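Per the numbering used here, the very first residue in the sequence shown carries number 1405; after that it's consecutive.
Every residue, glycine too, gets a C-beta built ideally from N, C-alpha and C.
In this text, all values refer to a predicted model and were calculated from it rather than measured experimentally.
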Amino acid sequence: MPILQDVLEEITDAMRRAEDRGRVADYIPQLAGVDPARFGIAVVTGDGAMHCAGDAEETFSIQSISKVFTLTMALGRIGDGLWRRVGREPSGNAFNSIVQLEREDGIPRNPFINAGAIVVTDVVLSGHEPREAIGAILHFLRFLAEDDSIIIDKAVARSETLTGYRNVALANYMKSFGNLNHEPERTLGVYFHQCAIAMSCRQLALAGRFLATGGRNPGTGFRVVSPERAKRINAVMLTCGHYDGSGDFAYHVGIPAKSGVGGGILGVVPGKASIAVWSPGLNAVGNSQLGALAMERLTRAMGWSVFGP
Ligand code: GLN
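The following block contains the structure:
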């Protein structure tokens, strides 16, 4: 078995030299200025060992990776009743697509496309003020990563609030079908702030550990979710975590994972490891171009694809 730290250093060297780095997201103006040369990777293994390389300590906007954590919270609140309001099938459409919603009566295909994540956030908001729900999401991430320094990047939240017309449309459209319990701007206020949480690869890998260890946070020994729920969240990550690039990611990388337009990817190797990678340039479907390549090299070198060596 190769030495993990060596593998991470080799991948980081190769990614630093890569010329085609994809394109940094610019539809959220505040993200457009991020340096595309950045690259970081962090892996926590089942025994609790942390391995990092590159810019693994630098924070970036986690964006849609936050959807894994709000899904976990929403399932904790209402359990499987959530699946009456959101499906769990890959969409085969862009992350911010509206077309399927009309044909499918305002029920989003899965909790990781924007429409589905907005419904999930609507569940997390129930019984709270938006500010309290935002606090609860941030608190959950700090708890999972055992790190109280995690914060929300207010400039990113503001930038998205000012320009998130597409998400406003999705939320209003679902409201018209009765699939949003709060006023769209209240749910979206929470959604934009959860997306603007800033974390490093190290923090994100720690936050994702419970999904690799049957639902228990190995640091604290605290049970976050049941083994069964961890398994199911992983299943949705595998099938839907990369939008209309999910099949390709499963083919090349072969692990449950969730991407965000900030260029981060959180990956789970059940029973073995939690991985976070960050490279801001995106491919045509809005997933980190070099992040996926780095994960492919890592899972291949370590024999970590869930589909075989
Ligand atoms: N905040 C982003 C949006 O709603 C999240 C999208 C993403 O990371 N794919 O557009």
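(request) Assign L1566 to one of two classes, buried (16 or more other C-beta atoms within 10 Å of its C-beta) or exposed (fewer than that). (result) Exposed, since its Cβ has fewer than 16 Cβ neighbours within 10 Å.
(request) Output the residue ranges of the beta strand (DSSP E) runs that lie fully inside the region 1563-1649 and measure 3 residues or longer, sorted by chain position. (result) Counting only runs of 3 or more, we get 1601-1603.
(message) Taking the alpha-carbon of N1583 as reference, which of L1486, F1626, E1493 has the nearest alpha-carbon?
(response) L1486
(message) Tell me the residue span of the beta strand (DSSP E) that contains K1662.
(response) In the DSSP assignment, K1662 falls within the beta strand (DSSP E) that extends over 1661-1663.
(message) How far does the alpha helix (DSSP H) with H1543 in it extend, from its first residue to its last?
(response) Taken as a continuous stretch (DSSP letters only), the alpha helix (DSSP H) holding H1543 covers 1534-1549.
(request) Measure the alpha-carbon distance for A1559 versus V1438 and round it to whole angstroms. (result) 13 Å
(request) Assuming S1468 and V1640 form a contact by the criterion Cβ under 8 Å, report the distance between their Cβ atoms to the nearest whole angstrom. (result) Contact flag wrong, Cβ pair sits at about 13 Å.
(message) Could you check whether the Cβ of N1571 sits closer than 6 Å to any heavy atom belonging to the ligand GLN?
(response) yes
(message) Going by C-alpha to C-alpha distance, which of G1625, A1654, L1608, S1501 sits closest to Y1577?
(response) S1501
(message) The beta strand (DSSP E) that contains S1678, what's its start and end?
(response) Per DSSP, the continuous beta strand (DSSP E) segment holding S1678 begins and ends at 1677-1682.
(message) Once the 5 residues before and after R1620 are set aside, which same chain residues still bring their CB inside 6 Å of it?
(response) Only R1627 meet the Cβ criterion.
(request) Measure the Cβ-Cβ separation of F1473 and F1544 and say whether it is below 7 Å. (result) With contacts defined as CB atoms closer than 7 Å, F1473 and F1544 qualify as a contacting pair.
(message) Could you check whether E1462 and M1683 sit closer than 7 Å to each other, using their CB atoms as the reference points?
(response) A quick correction: the sequence has Ser, not Met, at residue 1683. Not a contact, by the Cβ cut-off of 7 Å.
(message) Just checking N1518 against the ligand GLN - is the residue's beta carbon closer than 6 Å to any of the ligand's heavy atoms?
(response) yes
(message) Which residue marks the beginning of the alpha helix (DSSP H) containing T1416, and which one marks its end?
(response) 1408-1421
(message) Given this structure, state the Cα-to-Cα distance separating G1510 from I1522, to the nearest angstrom.
(response) For the pair G1510 and I1522, the Cα-to-Cα distance works out to about 12 Å.
(request) Compute the distance between the beta-carbons of L1686 and G1426, then report whether it is under 7 Å. (result) Going by beta carbons, L1686 and G1426 fall inside the 7 Å limit.
(message) Bridge partners for R1701 per DSSP, in chain order?
(response) None, per the DSSP bridge assignment.
(request) State the start and end residues of the unbroken alpha helix (DSSP H) segment that holds V1523. (result) 1518-1529
(request) Report whether the distance from the Cβ of F1653 to the nearest heavy atom of the ligand GLN is below 6 Å. (result) Taking the Cβ of F1653 as the reference point, every heavy atom of the ligand GLN lies at 6 Å or farther away.
(message) Let's see if you can read the secondary structure: which residues bound the alpha helix (DSSP H) around G1668?
(response) G1668 -> not in any alpha helix (DSSP H); beta strand (DSSP E) instead, spanning 1668-1673.
(message) Please state whether the Cβ-Cβ distance between V1490 and P1512 is less than 7 Å.
(response) yes
(request) Rank L1592, F1464, K1676 by C-alpha distance to the C-alpha of I1555 and give the top, closest one. (result) F1464
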